[in-house]
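The block underneath contains the structure these notes are about, expressed in structure tokens.
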Amino acid sequence: MSAPTHTPPPGASAVLVLADGSVFWGRGVGARGEVVGEVCFNTSITGYQEIMT
20 MSAPTHTPPP GASAVLVLAD GSVFWGRGVG ARGEVVGEVC FNTSITGYQE
70 IMT
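Residue numbering for the sequence shown follows the numbering used here, beginning at 20 and increasing consecutively.
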């Protein structure tokens, strides 16, 4: 993976900015807007439904 950049790549419609300043571009779904949230990481094969609620 290349280093994150502040310039959006072609096709990017969303950005994830972490507390340490890391920036990751991707494609967003849903309504446009700004939100603050929590990143949740899980390596489990099952149980992801419970994590998201």
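For glycine and all other residues, C-beta sits at the position ideal for the given N, C-alpha and C.
Please read all numbers here as calculations on a predicted model, not as lab measurements.
query: For phenylalanine 60, the residue or residues it bridges with in DSSP; result: None, per the DSSP bridge assignment.
query: Cβ-Cβ distance between leucine 37 and glycine 45 below 8 Å; result: no
query: Bridge partner(s) assigned by DSSP for valine 55; result: Its beta-bridge partners do not exist; DSSP assigns none.
query: Beta strand (DSSP E) runs contained entirely in the segment 29–54, provided each spans 3 or more residues; result: 33–36 and 42–45
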